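Colleague: Pasting a structure here, questions to come.
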Amino acid sequence: MNPNGLTIDAARSAIQERKATAFDLVDAHYEKIAHEDEKIGAYLTLSKERALEKAEQIDVLARKGDPLPPLAGVPVGIKDVLCTRGVRTTAGSKILGNFIPPYDCTAVARMESAGAIVLGKLNCDEFAMGSSNENSAWKPVHNPRDLSRVPGGSSGGSAAAVAADMAVATLGSDTGGSIRQPASFCGVVGLMPTYGRVSRYGLIAFASSLDRIGPFSKNVKDAATVLGVIAGRDPMDSTSAETPVPDYAAELNKGARGLRVGVAKEYFGEGLDGEVRASVEAAIQKLASLGCEIVPISLPHMKYAIPVYYIIATAEASSNLARFDGVRYGYRAKDARTLSQMYRRTRDQGFGAEVKRRIMLGTYALSAGYYDAYYLKAQRVRTLLTRDFEEAFKQVDAIVTPTSPTAAFKLGEKSDDPLAMYLADIYTVTADLAGICGISIPCGETKEKLPIGMQILGKHFDESTILRVAHAYEQAG
Amino acid sequence: MKVTEKDVSYVADLANLELTEDERTRMVRDLNSILGHIDNLNELDTANVPPMAQVSELYGVDRSKTGCERFMYASREDVIEGLRKCLPHDEALANAPSSDGTYFKVPKVIER
């Protein structure tokens with residue numbers, strides 16, 4: 060048994076059957092991290108004390124022969140925008156370089172209650188702003204499949220850790236594609252639940268009407284298992300939905316036969332790399348052979364998604380990031396003589412260039428004289444984009460698209476041109492704006508062996524359908 | 002709409018950011034590049050389209066109820082059940098860059 064190549068089921072079974080202990084799994088993963096992470100850069104902080112304590116708790120249960128919780132002994136990593144009590148949490152930023160949260164994010168607490176073992180905090184773009192993990196204030200992340208390339212972002216560390224077997228599963232966050240795109244670039248599964256499916260309590264906020272927490276995993280079943288653990292109403296997040304949580308893992312067996320799968324022409328136009336197109340089209344053919352009905356659809360407003368996203372997300376971010384002022388926690392500029400100077404220098408010195416750019420853009424879009432032209436306009440176009448999906452979902456059960464127009468690009472390739480970086484998000488941002496759910500699964504490789512991802516989008520709270528389609532495709536080999 | 006250095010200074014003020022001169026120059030260039038792309042939104046006629054601020058409006062609100070009952074999804078369940086324990090004082094101060102053990106300390110508020 061290779062302790063590093065395990066899925067959730069295999070890990071839990073191994074412990075249940077006493078073939079391995081939780082301690083063994085944790086130890087094997089820290090060994091792997093010690094060997095591999097220097098060149099990848101996925102982890103920012105390791106939480107060995109917490110991990111070993113948790114492993115001991117699980118091993119006590121296993122020794123007694125007690126039934127084990129669903130994630131018992133499963134080593135996981137947590138994106139550094141999710142608060143972990145007593146464990147340094149930086150959001151990938153110097154402004155929180157020494158921040159130790161006094162509470163746990165609900166999603167993390169639920170994972171631990173289910174027996175998962177938190178190995179450490181994962182690298183990400185600063186405040187989840189980026190598509191390549193090059194905006195981390197600490198260090199970039201290198202794609203384990205090709206170290207000269209980016210892993211994607213902003214949850215680059217979360218995707219890379221799973222791809223390199225430095226965790227069995229990880230949690231990331233998605234605001235404009237930050238789970239699905241890195242999953243696609245690293246060749247792993249990345250699930251973005253519907254807005255409100257998973258509590259945001261403890262997630263350091265970027266854009267409050269867009270942010271979601273979701274899992275990365277090695278296969279679709281693991282993603283379904285983790286979703287089942289973290290989803291559900293939380294009194295600490297009033298936007299978390301009352302909608303009941305189905306048994307996602309059990310429903311996978313319903314298969315995909317008879318489901319109507321939409322293919323939108325707007326996702327297969329100019330700008331899509333030839334190899335990515337070929338790979339996703341082959342995947343759609345495979346779905347047809349599995350009994351899915353392929354239906355051509357149109358999402359006519361899709362080309363406006365990037366401008367809408369970059370107004371709404373930055374406007375909300377400018378408000379959410381106002382709290383970082385050096386007063387109560389985090390970095391504070393030295394030698395400021397007045398309070399006002401302290402605020403301004405703390406923020407200019409503590410935030411990186413991309414974060415400042417987005418704060419400026421958002422503040423501008425909300426300022427007097429521009430609010431109607433930018434923010435209000437973007438909100439109206441958001442309605443049009445959402446209606447496109449509502450219309451489409453009257454004819455289909457799921458929509459299949461490429462996750463990203465290209466495979467992973469080289470480190471440094473896009474970092475000088477912010478607009479070029481933004482345009483790479485074109486296939487993922489629409490789902491965030493409409494609030495719907497989406498998953499990215501591997502569907503092929505380029506000639507240079509870079510992973511290609513297929514995205515499956517579903518209706519609000521219909522994660523079951525997209526998981527079924529993804530699982531059926533994955534199992535068909 | 003073209004963004005000028007004056008605009009950048011004004012917005013930086015609103016955002017409480019003391020940008021360096023280099024940063025201000027780059028910001029003028031970057032903001033103009035991005036806003037140029039965003040101007041494509043003007044191609045769309047949205048006169049009769051309602052704005053969408055919150056995806057949660059699609060669910061969560063119980064339209065069969067009236068008054069404040071309609072918004073029960075936003076209620077503080079911890080208040081209904083009884084007050085939750087508050088974050089202890091010392092934990093709240095633990096991350097303070099400067100504190101006297103009771104308060105957060107900051108540079109003088111009133112500028113002379």
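Chains A and B are the protein sequences, given in the same order. According to the numbering used here, the first sequence holds residues 60 to 536 in order. According to the numbering used here, the second sequence holds residues 2 to 113 in order. Idealized CB from N, CA, C, for every residue including glycine. No experiment lies behind these values; they were computed from the predicted model shown.
Would you check if the distance between the CB atom of A/Phe275 and the CB atom of A/Gly249 is smaller than 8 Å?
Modeller: yes
Colleague: Roughly how many angstroms separate the alpha carbons of A/Ala93 and A/Asn202, rounded to a whole number?
Modeller: In a straight line, the C-alpha of A/Ala93 is about 17 Å away from that of A/Asn202.
Colleague: Any idea what DSSP makes of A/Asn202, helix, strand or coil?
Modeller: strand
Colleague: Let me know the secondary structure DSSP gives A/Ile495 once reduced to three states.
Modeller: coil
Colleague: Tell me the start and end of each unbroken alpha helix (DSSP H) in the region 65–152 of chain A that is at least 4 residues and wholly inside, in chain order.
Modeller: 67–75, 81–99 and 107–123
Colleague: Using a beta-carbon distance cut-off of less than 9 Å, what residues from the region 157–191 of chain A approach chain B?
Modeller: Asn157, Phe158, Ile159, Pro160, Pro161 and Tyr162
Colleague: My parser needs the alpha helix (DSSP H) runs of 4 or more residues fully inside the region 378–412 of chain A; what are they?
Modeller: Within the region 378–412 of chain A, the complete alpha helix (DSSP H) segments of 4 residues or longer fall at 398–409, listed in chain order.
Colleague: Count Cβ pairs between the region 15–31 of chain B and the region 332–344 of chain A that sit closer than 8 Å; are there 3 or more?
Modeller: no
Colleague: Using a C-beta cutoff of 8 Å, does B/Ser10 count as contacting chain A?
Modeller: no
Colleague: For the alpha helix (DSSP H) containing A/Leu22, name the first residue and the last one.
Modeller: Lying outside 60 to 536, the shown extent of chain A, residue 22 of chain A is not represented and no answer is given.
Colleague: Could you please tell me which residues of the region 40–56 of chain B, in chain order, have their CB closer than 7 Å to any CB of chain A?
Modeller: Asn41, Leu42, Leu45, Thr47, Val50, Pro51, Pro52, Met53, Ala54, Gln55 and Val56
Colleague: Would A/Asn157 be called buried (16 or more neighbouring beta carbons within 10 Å of its own) or exposed?
Modeller: exposed
Colleague: Along the region 384–397 of chain A, what residues have a CB closer than 8 Å to any CB found in chain B?
Modeller: Hits within the stretch, in order: Asp384, Gly385, Val386, Arg387, Tyr388, Gly389, Tyr390, Arg391, Ala395, Arg396 and Thr397.
Colleague: Going by CA-CA distance only, name the one from A/Glu507, A/His530, A/Leu509 and A/Ile498 that's closest to A/Leu516.
Modeller: A/Ile498
Colleague: Leaving aside the five residues before and after A/Gln441 along the sequence, list all residues of the same chain whose C-beta is less than 7 Å from its C-beta, in chain order.
Modeller: Looking at the sequence itself, residue 441 of chain A is Arg, so the reference to Gln does not match. Cβ neighbours of A/Arg441 beyond the five flanking positions: Val367, Ile371 and Leu492.
Colleague: Skipping 5 residues on each side, what residues in its chain have a beta carbon closer than 8 Å to that of B/Leu59?
Modeller: Note that B/Leu59 has pLDDT 49, beneath the 50 cutoff, so the model's placement of it is unreliable and no number is given.
Colleague: Looking at chain A, is there any beta carbon in it that lies within less than 8 Å of the beta carbon of B/Leu59?
Modeller: With a pLDDT of 49 at B/Leu59, under the threshold of 50, the modelled position of that residue is not reliable, and the figure given next carries that caveat. For B/Leu59, the answer is yes, since a Cβ of chain A falls inside 8 Å of its Cβ.
Colleague: Nearest chain D C-beta to B/Asp101 closer than 8 Å, yes or no?
Modeller: Any reference to chain D falls outside this structure, whose protein chains are A and B.
Colleague: Excluding the five sequence neighbours on either side, which residues of its own chain have a C-beta within less than 7 Å of the C-beta of A/Tyr388, listed in chain order?
Modeller: Phe158
Colleague: If I follow the unbroken alpha helix (DSSP H) through A/Glu334, where does it start and stop?
Modeller: Gly333 to Ser348
Colleague: Have a look at A/Gly64, A/Ser172 and A/Gln454 and flag the residue whose alpha-carbon is nearest the alpha-carbon of A/Asp224.
Modeller: A/Gly64
Colleague: Helix or strand or just coil, what does DSSP make of A/Thr229?
Modeller: strand
Colleague: Can you tell me where the beta strand (DSSP E) with A/Arg271 in it begins and where it stops?
Modeller: Start and end: Arg271 to Ser276.
Colleague: What number of angstroms, rounded off, separates the C-alpha of A/Gln75 from the C-alpha of A/Asn61?
Modeller: So the two alpha carbons sit approximately 16 Å from each other.
Colleague: Quick one: does A/Ile537 have its CB under 8 Å from some CB of chain B?
Modeller: The question about residue 537 of chain A has no answer here: the residues shown for chain A are numbered 60 through 536.
Colleague: Could you name the residues of chain B that A/Tyr260 contacts, counting a contact when the two beta carbons are closer than 7 Å?
Modeller: None at all; the shortest Cβ gap to chain B is about 12 Å.
Colleague: On the three-state DSSP scale, how would you describe B/Glu82?
Modeller: Only weak support is given to the placement of B/Glu82: the predicted model assigns it a pLDDT of 49, under 50, and the value that follows is read from those uncertain coordinates. It is helical.
Colleague: Let me make sure I understand the geometry here. Which of A/Pro355, A/Glu533, A/Arg208 and A/Pro303 has the alpha-carbon closest to that of A/Gly100?
Modeller: A/Arg208
Colleague: Can you give, in chain order, each stretch of the beta strand (DSSP E) that sits fully within the region 239–307 of chain A and has at least 3 residues?
Modeller: Assignment of beta strand (DSSP E) within the region 239–307 of chain A, counting only whole runs of 3 or more residues, yields 248–251 and 271–276 in chain order.
Colleague: Going along the chain, which residues of its own chain have a beta-carbon closer than 7 Å to the beta-carbon of A/Met295, five neighbours each way excluded?
Modeller: Thr165, Ser258 and Tyr260
Colleague: Between B/Ala16 and A/Asp281, what straight-line distance do the alpha-carbon atoms span, to the nearest angstrom?
Modeller: Their backbone Cα atoms lie some 42 Å apart in a straight line.
Colleague: If you drop the 5 nearest sequence neighbours on each side, which residues of the same chain put their C-beta closer than 6 Å to that of A/Thr460?
Modeller: Tyr326, Tyr486 and Gln514
Colleague: Quick check: is the beta carbon of B/His90 nearer than 8 Å to any beta carbon in chain A?
Modeller: no
Colleague: Along chain A, in chain order, which residues have C-beta atoms closer than 9 Å to that of B/Asp23?
Modeller: Going along chain A, no residue has its Cβ under 9 Å from B/Asp23, so there is no contact; the nearest lies around 10 Å.
Colleague: Grab me the residues of A/Phe520's own chain with a C-beta within less than 8 Å of its C-beta, minus the 5 sequence neighbours each way, in chain order.
Modeller: Thr253, Arg256, Ala300, Thr302 and Cys496
Colleague: Against chain B, with Cβ distances strictly below 8 Å, would A/Gly494 count as a contact?
Modeller: yes
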